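A.B. asks: The structure follows.
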Amino acid sequence: MDLLTALDDDQRQVATHLEGPLCVLAGAGTGKTRAITYRIAHGVRSNVFVPNEVLAVTFTSRAAGEMRSRLRDLGVDGVQARTFHAAALRQLSYFWPHAIGGNLPRLQESKIPLVAQAAGQLGMRPDRLAVRDLASEIEWAKVSMVTADDYQRRAIAAGRESPGGLDLPDVSAVIRAYESVKTEQGVIDFEDVLLLMVGLLSERDDIAATVRRQYRHFVVDEYQDVNALQQRLLDLWVGNRDSVCVVGDVSQTIYSFTGATPRYLTSFTERYPAAPVVRLVRDYRSTPQVVSLANRVLTTRSGKMARGAVELVAQRPSSVPVRFQTCDDDVAEAEHVAARIRELNTQGVPLSEIAILYRTNSQSEVLEDVLSRNEIGYQVRGGERYFSRPEVKAAIVAIRTEAKADVDNVMPDRVRRAVRTVGWETEPPSGRGAVRDRWESLNTLVNLADDLHARRGASIQDLIVELADRMDAQNVPVHDGVTLASIHAAKGLEWDAVFLVGASDGLLPISMATEPEQIAEERRLLYVGITRAREHLHISFARARTVGGRANRGHSRFLTGIWPVEDLPTSAKKRTKLTAKDELDPSDAELFEVLREWRSERAKEASKPAYTVLPDTTLVAIATAKPSTERELIMLRGIGATKLEAYGSQILELVAGYISRDK
Numbered sequence: 023m024d025l026l027t028a029l030d031d032d033q034r035q036v037a038t039h040l041e042g043p044l045c046v047l048a049g050a051g052t053g054k055t056r057a058i059t060y061r062i063a064h065g066v067r068s069n070v071f072v073p074n075e076v077l078a079v080t081f082t083s084r085a086a087g088e089m090r091s092r093l094r095d096l097g098v099d100g101v102q103a104r105t106f107h108a109a110a111l112r113q114l115s116y117f118w119p120h121a122i123g124g125n126l127p128r129l130q131e132s133k134i135p136l137v138a139q140a141a142g143q144l145g146m147r148p149d150r151l152a153v154r155d156l157a158s159e160i161e162w163a164k165v166s167m168v169t170a171d172d173y174q175r176r177a178i179a180a181g182r183e184s185p186g187g188l189d190l191p192d193v194s195a196v197i198r199a200y201e202s203v204k205t206e207q208g209v210i211d212f213e214d215v216l217l218l219m220v221g222l223l224s225e226r227d228d229i230a231a232t233v234r235r236q237y238r239h240f241v242v243d244e245y246q247d248v249n250a251l252q253q254r255l256l257d258l259w260v261g262n263r264d265s266v267c268v269v270g271d272v273s274q275t276i277y278s279f280t281g282a283t284p285r286y287l288t289s290f291t292e293r294y295p296a297a298p299v300v301r302l303v304r305d306y307r308s309t310p311q312v313v314s315l316a317n318r319v320l321t322t323r324s325g326k327m328a329r330g331a332v333e334l335v336a337q338r339p340s341s342v343p344v345r346f347q348t349c350d351d352d353v354a355e356a357e358h359v360a361a362r363i364r365e366l367n368t369q370g371v372p373l374s375e376i377a378i379l380y381r382t383n384s385q386s387e388v389l390e391d392v393l394s395r396n397e398i399g400y401q402v403r404g405g406e407r408y409f410s411r412p413e414v415k416a417a418i419v420a421i422r423t424e425a426k427a428d429v430d431n432v433m434p435d436r437v438r439r440a441v442r443t444v445g446w447e448t449e450p451p452s453g454r455g456a457v458r459d460r461w462e463s464l465n466t467l468v469n470l471a472d473d474l475h476a477r478r479g480a481s482i483q484d485l486i487v488e489l490a491d492r493m494d495a496q497n498v499p500v501h502d503g504v505t506l507a508s509i510h511a512a513k514g515l516e517w518d519a520v521f522l523v524g525a526s527d528g529l530l531p532i533s534m535a536t537e538p539e540q541i542a543e544e545r546r547l548l549y550v551g552i553t554r555a556r557e558h559l560h561i562s563f564a565r566a567r568t569v570g571g572r573a574n575r576g577h578s579r580f581l582t583g584i585w586p587v588e589d590l591p592t593s594a595k596k597r598t599k600l601t602a603k604d605e606l607d608p609s610d611a612e613l614f615e616v617l618r619e620w621r622s623e624r625a626k627e628a629s630k631p632a633y634t635v636l637p638d639t640t641l642v643a644i645a646t647a648k649p650s651t652e653r654e655l656i657m658l659r660g661i662g663a664t665k666l667e668a669y670g671s672q673i674l675e676l677v678a679g680y681i682s683r684d685k
């Protein structure tokens, strides 16, 4: 079989360039893995490459396994396809007994216990999540080749947020103490594997020569995510040779906060002037509608793409347009997504081929709740389900304790008092990381309390019942379900249908992104989210957080000029009415109007806004479900014990009368 006939022209250029350096700029969905595996296979078949002299470096074990599998399918065995850490660990384990003596120190799987011990020795008592943030900062320092002595200067220069609420000098002290604790316990961490191998290759010419005799050809995938330490190791592997092929996409650089940088990709031809640059632009994954949007998102106000960015060219047939949806609040957005998922599933799209992507993990709670109530199975990728998170469990215990107190405060105030005991504060912590994630999770409970109180006049006991119901619904085993994931966790994956939620300023870009480089990374994050979709792409945001809340959100600035022209500004209530009525069947819409008239009368009697009686989303649910019993009615969103007692009999009478008249 002629391997090259299976490739397009651009991929063929990659596969046939077997001598010297090569830089491949590969856009999303352009078949980069295919191109580089066929390049290796073609090199072996042409007797230019010897399989065991090729080292292909990937960034995940999954990607390495996929590459080995594809090579085996092409009849090529013996190529080493590994992550940087796996390749370095194998070499270090081999050379350590001869170069240092004895066995290689034990590899410490998690830094967290050692970081906690180091901080404790310094008289610090950071909590669990602050320790996690400190561990992440230590990782950044080590992959950036920053020592404890140089940390403060380098952290300021890099614009790093001080982790765990500590001052930068304290972080330096923790880094130094962590290294001492590690030495005392005779262990090494994952970054040490690379650092030690760099040290051996730098100081022992004989070891460097042995490695270079073994590996003569190098391929590096996802090169835009290389950090300084990995680049240093790669340079030492390659030596003064130039048989190195790098593949990457600057538009998918979304891990800068970990130390990754695209500068090695964009400057590759400066280090290797003889290297040709091949652009893979043909997108075989997504429809022209999705590809067009992806290209437009990458184009800045100046009308240009970033240096090294690839403008994609769709290869699939034209299909359905990208859908944009402006919703009134977060719950309405989640319900709209659930309804659309039902529609797609009815049309034959498996739930396993549908994903809901978001910017932060705290956004998952309302989605999990609505999916559960709609009996749509789901799984959370790259994170815990909301009610499984330790901080949420602790907060619920605190709320239950608060409920036992004999006080008359309104429910939201009592909830705030309870969650403060587990670390919540009114203002969010600066920066990002585990501490910020914890605050977001706890703040979701506060927001839920506010929402339930505003919509139902709920008590703290009502909140506890609501939380129990949500926990029960979310603990149902899932066999075939929708994927919920942050955009970061979705990188490298794809689905037939993707829902991008929360596409508003403040979420995408996140409010913490203030510097130009951070804003640019948020733009790339949106691009990554868009390019996960093969055919169906649905992008949405909510004007307000809660039902009847202040509608102060707008669509993401990255979608300016793309988002469909909206009506002139109007109240959230009016927008809800129009959206709700438009989505109902004619017969249901008529009942909706009957319910709305009834609500207006009740509101006038009570001298309060209509939405405080029942919001439009609840009227829609009633008009659609047409409940005939109190049990059926209380199952609908927006109907709690208080609302049922106040309006239940009237609503059931209205619905029964409408059904009887309709017959």
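Counting in my numbering, the sequence shown runs without a single skipped number right up to 685 at its last residue.
Each residue gets a CB set at the ideal place from its N, CA and C atoms; glycine is no exception.
Bear in mind that the values here come from a model prediction, so they are computed numbers and not experimental data.
(1) Let me know if R653 comes out buried or exposed under the rule of 16 or more other beta-carbons within 10 Å of its beta-carbon.
(2) Just to confirm the assignment: which complete beta strand (DSSP E) runs, minimum length 3, are found wholly within the stretch 246-331?
(3) Could you compute how far the alpha carbon of L600 sits from the alpha carbon of E355?
(4) Less than 8 Å between C-beta atoms, sequence neighbours within five positions excluded: which residues of the same chain meet that for Y173?
(5) Using only CA atoms, which one of Q139, D243 and S224 lies nearest to Q207?
(6) Using C-beta distances below 7 Å, list every residue in its chain close to R226, excluding the 5 sequence neighbours before and after it, in chain order.
(7) When DSSP labels each residue in this structure, what does Q102 get in the three-state scheme?
(8) Which one of E213, A85, H558 and G97 has the shortest CA to CA distance from S340?
(9) Going by DSSP, what residue range makes up the alpha helix (DSSP H) through L548?
(10) Less than 6 Å between the CB of A78 and some heavy atom of the ligand GDP, yes or no?
(11) Is the stretch 338-353 close to the stretch 297-309, with three or more CB pairs under 8 Å?
(12) Is it true that the stretch 433-452 meets the stretch 395-406, where meeting means three or more beta-carbon pairs spaced less than 8 Å apart?
(13) Would you kindly work out how many angstroms separate the C-alpha atoms of S593 and G551, rounded to a whole number?
(14) Residues in the same chain with beta-carbon distance under 6 Å from A48, minus the five sequence neighbours each way, listed in chain order, please.
(15) Helix, strand or coil: how does DSSP classify A180 here?
(16) Are the stretch 361-369 and the stretch 572-589 touching, with three or more C-beta to C-beta distances below 8 Å?
(17) Can you give me the Cβ contacts of S265 inside the same chain, cut-off strictly under 7 Å, excluding the 5 residues immediately before and after it?
(18) Pairs of beta-carbons, one from the stretch 314-333 and one from the stretch 54-68, closer than 8 Å: are there three or more?
(19) In the DSSP assignment, find the beta strand (DSSP E) that holds F240 and state where it starts and stops.
(20) Does the Cβ-Cβ distance between Y516 and R556 come in under 7 Å?
(21) Just the C-alpha distance for R545 and A525, rounded to the nearest angstrom, thanks.
(22) Can the beta-carbon of V70 be found closer than 7 Å to that of V101?
(23) When the Cα of L315 is compared with those of D31, G124 and W585, which residue comes out closest?
(24) Helix, strand or coil, according to DSSP, for W162 in the structure here?
(25) In three-state terms, what does DSSP make of I197?
(26) Tell me the rounded alpha-carbon separation between T348 and A632.
(27) What does A555 pair with, by DSSP beta-bridge criteria?
(28) Take the Cβ of L26 as the centre, count every other Cβ of all protein chains shown within 10 Å, and call the residue buried at 16 or more, exposed below.
(29) Give me, in chain order, the residues of the same chain whose beta-carbon lies closer than 7 Å to that of M433; leave out the 5 immediate sequence neighbours on both sides.
(30) State the Cα-Cα distance for the pair M534 and F212, rounded to the nearest angstrom.
(31) Pick from A110, Y294, R621 and D435: whose alpha carbon is nearest that of C45?
(32) To which residues of the same chain is R147 closer than 7 Å at the C-beta, ignoring the five residues directly before and after it?
(33) From the DSSP output, read off the bridge partner residues of R128.
(34) Of the choices G181, V359 and V300, whose alpha-carbon is the least far from that of A331?
(35) Can you grab the Cα-Cα spacing for the pair D518 / V359, in whole Å?
(36) Can R489 and A417 be called in contact, C-beta distance under 7 Å?
C.D. replies: Quick answer:
(1) For this step, residue 653 is matched to residue 631 along the sequence shown. Classification of R653: exposed, given that the 10 Å Cβ count is below 16.
(2) 266-270 and 299-302
(3) Position 578 of the sequence shown, counted from the first residue, corresponds to residue 600. Position 333 of the sequence shown, counted from the first residue, corresponds to residue 355. Interpretation of L600 is limited by its pLDDT of 39, a score under 50 that renders its predicted location unreliable; the figure taken from the coordinates is listed afterwards. Near 15 Å, if we compare the C-alpha coordinates of E355 and L600.
(4) By one-based count along the sequence shown, residue 173 stands at place 151. For Y173, where only same-chain residues beyond five positions count, the Cβ hits under 8 Å are A163, L190, V193, S194 and I197.
(5) Position 185 of the sequence shown, counting from 1, holds the residue named residue 207. Looking at the Cα atoms, Q139 is the closest of the given residues.
(6) Sequence index remark: in the sequence shown, residue 226 carries index 204 (1-based). Once the five neighbours on either side are set aside, the close Cβ partners of R226 are A121.
(7) Within the sequence shown, the letter at position 80 stands for residue 102. DSSP places Q102 in strand when its eight states are reduced to three.
(8) In the sequence shown, the residue the question calls residue 340 occupies position 318. Of the candidates E213, A85, H558 and G97, the one whose C-alpha sits nearest the C-alpha of S340 is H558.
(9) Within the sequence shown, numbered from 1, the residue matching residue 548 stands at position 526. Counting along the chain, the alpha helix (DSSP H) containing L548 begins and ends at P538 to I552.
(10) The ligand GDP is absent from the structure shown, which contains no ligands of any kind.
(11) yes
(12) no
(13) One-based indexing of the sequence shown puts residue 593 at position 571. One-based indexing of the sequence shown puts residue 551 at position 529. Caution applies to S593, whose pLDDT of 36 falls short of 50 and renders its modelled position unreliable; the value that the coordinates give is listed next. The straight-line gap from Cα to Cα measures roughly 31 Å.
(14) Here residue 48 refers to the residue found at position 26 when the sequence shown is read from its first residue. The answer, listed in chain order, is K54, V269, D271 and L302.
(15) Taking the sequence shown and counting its residues from 1, one reaches residue 180 at position 158. A180 falls in the coil class under three-state DSSP.
(16) no
(17) In the sequence shown, the residue the question calls residue 265 occupies position 243. G42, R238, H239 and F240, listed in sequence order.
(18) no
(19) Within the sequence shown, numbered from 1, the residue matching residue 240 stands at position 218. Counting along the chain, the beta strand (DSSP E) containing F240 begins and ends at H239 to V242.
(20) Residue 516 sits at position 494 when you count from the first residue of the sequence shown. Residue 556 sits at position 534 when you count from the first residue of the sequence shown. For the sequence presented, residue 516 should be read as Glu rather than Tyr. For E516 and R556, yes; Cβs fall inside 7 Å.
(21) Along the sequence shown, one-based indexing puts residue 545 at 523. Along the sequence shown, one-based indexing puts residue 525 at 503. Between R545 and A525, the C-alpha separation is close to 11 Å.
(22) The residue you call residue 70 lines up with position 48 of the sequence shown. The residue you call residue 101 lines up with position 79 of the sequence shown. Not a contact, by the Cβ cut-off of 7 Å.
(23) One-based indexing of the sequence shown puts residue 315 at position 293. With distances taken between Cα atoms, L315 lies closest to W585.
(24) Counting from 1 along the sequence shown, the entry for residue 162 is found at position 140. It is helical.
(25) To locate residue 197, count along the sequence shown from 1; it is residue 175. Residue state, collapsed to three classes: helix.
(26) Position 326 of the sequence shown, counted from the first residue, corresponds to residue 348. Position 610 of the sequence shown, counted from the first residue, corresponds to residue 632. Answer to the nearest angstrom: the Cα atoms are 22 Å apart.
(27) For this step, residue 555 is matched to residue 533 along the sequence shown. Partner(s): W517.
(28) On the sequence shown, position 4 is the one that residue 26 refers to. Looking at its Cβ environment, which holds fewer than 16 other Cβ atoms inside 10 Å, L26 is exposed.
(29) The sequence position of residue 433 within the sequence shown is 411, counting from 1. Taken in chain order, the residues that qualify are A471, H475, A480, S481, I482 and L485.
(30) Reading the sequence shown from its first residue, position 512 is the one you call residue 534. Reading the sequence shown from its first residue, position 190 is the one you call residue 212. Answer to the nearest angstrom: the Cα atoms are 29 Å apart.
(31) Residue numbering aside, residue 45 sits at position 23 when the sequence shown is read from its first letter. Among A110, Y294, R621 and D435, the Cα nearest to that of C45 belongs to Y294.
(32) Taking the sequence shown and counting its residues from 1, the one referred to as residue 147 is at position 125. Excluding sequence neighbours, R147 sits near nothing in its chain.
(33) For this step, residue 128 is matched to residue 106 along the sequence shown. According to DSSP, R128 bridges with V209.
(34) Position 309 of the sequence shown, counted from the start, is the residue given in the question as residue 331. The shortest C-alpha separation from A331 is found at V300.
(35) Against the sequence shown, residue 518 aligns to sequence position 496. Against the sequence shown, residue 359 aligns to sequence position 337. Taking the straight line from one Cα to the other gives about 15 Å.
(36) Residue mapping note: residue 489 aligns to position 467 of the sequence shown, counting from 1. Residue mapping note: residue 417 aligns to position 395 of the sequence shown, counting from 1. The question names Arg, but residue 489 is Leu in the sequence shown. Going by C-beta atoms, L489 is not nearer than 7 Å to A417.
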